[in-house]
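First residue of the sequence shown: 157, per the numbering used here; consecutive thereafter.
Note that the Cβ used here is the ideal one computed from N, Cα and C, for glycine as well.
In this text, all values refer to a predicted model and were calculated from it rather than measured experimentally.
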Amino acid sequence: KLDELIAGAKKEGVIEFYGPSTLGPQGAQALAAAFNKKYGLNVKLGYSPSGNMTRDTGKVVGLSASGQPPEWDIMVVTDAHHGSLWLRKLHIPFDYTSIGVPKDRIEYDRGTVSVANQFALPAYNKKTLPAKDVPTKWEDLLDPKWQGKLGVINSTHHWGRLAAGPWGEEKTIDFIKKLSAQKPLLTRAGEMAQRLILGEVLISATLQDSQLHSSKESGAPLAFAEQVQPVISPEYHVGVLKNAPHPNVGHLFVAFMASPEVQAIWEKHTGHTSAYVPGTSAHKFAQGKQVVYMKQDQAAKVDKISRQIGKILGFN
Numbered sequence: 157k158l159d160e161l162i163a164g165a166k167k168e169g170v171i172e173f174y175g176p177s178t179l180g181p182q183g184a185q186a187l188a189a190a191f192n193k194k195y196g197l198n199v200k201l202g203y204s205p206s207g208n209m210t211r212d213t214g215k216v217v218g219l220s221a222s223g224q225p226p227e228w229d230i231m232v233v234t235d236a237h238h239g240s241l242w243l244r245k246l247h248i249p250f251d252y253t254s255i256g257v258p259k260d261r262i263e264y265d266r267g268t269v270s271v272a273n274q275f276a277l278p279a280y281n282k283k284t285l286p287a288k289d290v291p292t293k294w295e296d297l298l299d300p301k302w303q304g305k306l307g308v309i310n311s312t313h314h315w316g317r318l319a320a321g322p323w324g325e326e327k328t329i330d331f332i333k334k335l336s337a338q339k340p341l342l343t344r345a346g347e348m349a350q351r352l353i354l355g356e357v358l359i360s361a362t363l364q365d366s367q368l369h370s371s372k373e374s375g376a377p378l379a380f381a382e383q384v385q386p387v388i389s390p391e392y393h394v395g396v397l398k399n400a401p402h403p404n405v406g407h408l409f410v411a412f413m414a415s416p417e418v419q420a421i422w423e424k425h426t427g428h429t430s431a432y433v434p435g436t437s438a439h440k441f442a443q444g445k446q447v448v449y450m451k452q453d454q455a456a457k458v459d460k461i462s463r464q465i466g467k468i469l470g471f472n
């Protein structure tokens, strides 16, 4: 199967790759170079950086419903977004174990492979928020002192994971209603990081560590409220989309994304690694913490509740 994939990939010669904007063109091309070297290919990679994963996942769903092929062969988005695609049967399943991918990295009925873990917690600017005011538990975000000084990003699946996991639906919805009453600033993660840096908000209810990684490189002192638990851990998954124009390159690239050499590239450009690979930064960070991971059997619930939460908070 591997030989057949390589031969098919050589004929196709191209892959359209959708991935996190934090990866950047340099990171995408570093992946392409390592991929071509590994398999002796000269595949050209077209990189589309994510602007809004929820919107772009919906775009794939809409194109499929109208009978049109997707713009991309593969997408690297969170497991929650891939859950939405899986529920609508928009992956091409493949036996990735047959070409060396560990079984515990494969999800969604063999449609996706786990690449890396994000971590999401309340985040703040160490220059503008005194240490005594840093939250130590999620409920601290509901203190009236944060009214008008709090931000909430559009990654509503963060809360959906708590609802499908340790908190349950009732507790989560009650928490979100109280959070909405704080009159938070609503925006996307990248813009929220800038608002924190400028001091326009004092704390973001959740933020991914990719934003902390980018800010650290620019010298901005953003930090997690690390005492807060449980820690939410969205995973970046990669999968080949139904009716993808270059499926051979797609499946080969998905398998490549589970290989050890990708971890160093991904960490350098996004700040993320896999919590399932011993020795990585993510694996070390997760030790001794209550971490909420999402699995296939939770996808429908997370998808449904995330939409409900979005409406309560006021996201369109």
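Problem set entry | Top-ranked residue by Cα proximity to Lys293, from Lys460, Gln182, Leu408 and Ala279 | Ranking the options by Cα distance to Lys293, first place goes to Ala279.
Problem set entry | Same chain, Cβ closer than 8 Å to Lys305, five either side skipped, listed in chain order | If we look at Lys305 and ignore the five residues flanking it on each side, its Cβ neighbours are Val357, Leu358 and Ile359.
Exercise. Which same chain residues, not among the five before or five after Trp302, have their C-beta less than 6 Å away from its C-beta?
Worked result: Here Trp302 has Gln338 as same chain residues with Cβ atoms under 6 Å from its own Cβ, once five neighbours each way along the sequence are excluded.
Exercise. From Ala186, Phe173 and Val384, pick the residue whose C-alpha is nearest to that of Lys424; which is it?
Worked result: A check of alpha carbon separations from Lys424 across Ala186, Phe173 and Val384 identifies Ala186 as the nearest.
Exercise. Are there three or more Cβ pairs, one per stretch, closer than 8 Å when the region 320 to 329 is compared with the region 362 to 380?
Worked result: With a cut-off of 8 Å, the region 362 to 380 and the region 320 to 329 do not count as touching, because too few Cβ pairs lie within range.
For this session: Could you tell me if Glu160 is buried or exposed, where buried requires 16 or more neighbouring beta carbons within 10 angstroms of its beta carbon?
Result: Looking at its Cβ environment, which holds fewer than 16 other Cβ atoms inside 10 Å, Glu160 is exposed.
Exercise. Quick one, are the C-beta atoms of Asn310 and Phe471 less than 7 Å apart?
Worked result: Cβ distance < 7 Å, so Asn310 and Phe471 count as in contact.
For this session: Using beta-carbon positions only, say whether Ala376 and Pro291 come within less than 7 Å of one another.
Result: Their beta carbons are not under 7 Å apart, which means Ala376 does not touch Pro291 by this criterion.
For this session: Give me the Cα-Cα distance between Val405 and Gln224, rounded to the nearest whole angstrom.
Result: For the pair Val405 and Gln224, the Cα-to-Cα distance works out to about 20 Å.
Exercise. Where does Thr253 land, buried or exposed, given buried means 16+ other C-beta within 10 angstroms?
Worked result: Flag for Thr253 reads exposed.
Problem set entry | Whole-Å CB distance - Trp242 paired with Ser204, under 8 Å assumed | The C-beta distance from Trp242 to Ser204 rounds to 21 Å, too long to meet the 8 Å contact threshold.
Problem set entry | Contact set for Tyr392: own chain, Cβ-Cβ below 6 Å, skip 5 residues either direction | For Tyr392, where only same-chain residues beyond five positions count, the Cβ hits under 6 Å are Val232, Val271 and Ala272.
For this session: Would you grab the beta carbon distance between Val257 and Ala414 for me? Rounded to a whole angstrom, and I think it's under 8 Å.
Result: About 5 Å separates the CB atoms of Val257 and Ala414; that is less than 8 Å, so the two are in contact.
Exercise. What are the boundary residues of the beta strand (DSSP E) that Thr362 is part of?
Worked result: According to the DSSP assignment, Thr362 belongs to the beta strand (DSSP E) that extends over Ile359 to Gln364.
Exercise. How big is the Cα-Cα spacing for Ile171 and Thr178?
Worked result: Our two residues, Ile171 and Thr178, have alpha carbons roughly 19 Å apart in a direct line.
For this session: Output the residue ranges of the alpha helix (DSSP H) runs that lie fully inside the region 315 to 399 and measure 4 residues or longer, sorted by chain position.
Result: You should have 324 to 336, 345 to 354 and 365 to 373.
Exercise. In terms of alpha-carbon separation, which member of Glu417, Lys334, Gln443 and Leu408 lies closest to Val387?
Worked result: Measuring from the Cα of Val387, the nearest candidate turns out to be Gln443.
Problem set entry | Leu352 burial status per 10 Å Cβ neighbour count (16 or more: buried) | With 16 or more other Cβ atoms within 10 Å, it is buried.
For this session: Measure how close the beta-carbons of Gln217 and Leu246 come, nearest whole angstrom, since I'm counting them as under 8 Å.
Result: According to the sequence displayed, residue 217 carries Val and not Gln. Between Leu246 and Val217 the Cβ distance is about 7 Å, and since that is below 8 Å, they are a contact.
Exercise. So what does Ala279 bridge to, in DSSP terms?
Worked result: In DSSP, Ala279 forms a bridge with Ser360 and Phe380.
Problem set entry | 6 Å Cβ shell around Gly202 - same chain, five flanking residues per side excluded | Same-chain partners within the cutoff: Glu172.
For this session: May I have the straight-line CA-CA distance separating Ala184 from Pro286, to the nearest angstrom?
Result: Rounded to whole angstroms, Ala184 to Pro286 spans 38 Å at the Cα level.
Problem set entry | Assigned exposure category for Glu417 - 16 Cβ within 10 Å defines buried | Under this definition Glu417 is an exposed residue.
Exercise. Since Ile308 is in the beta strand (DSSP E), which residue starts that stretch and which ends it?
Worked result: The question names Ile, but residue 308 is Val in the sequence shown. Counting along the chain, the beta strand (DSSP E) containing Val308 begins and ends at Leu306 to Ile309.
Exercise. Is Gly316 closer than 7 Å to Ile468 when the C-beta atoms are compared?
Worked result: No, these two residues do not count as a Cβ contact at 7 Å.
For this session: Could you check the C-alpha separation between Glu295 and Ser371 for me, to the nearest Å?
Result: Roughly 26 Å separates the two Cα atoms.
Exercise. In whole angstroms, what is the alpha-carbon distance linking Asn192 and Ala276?
Worked result: Whole-angstrom Cα-Cα distance: 33 Å.
Problem set entry | Proximity below 7 Å, CB of Thr426 to CB of Ala438 | Not in contact: Thr426 and Ala438 (Cβ atoms no closer than 7 Å).
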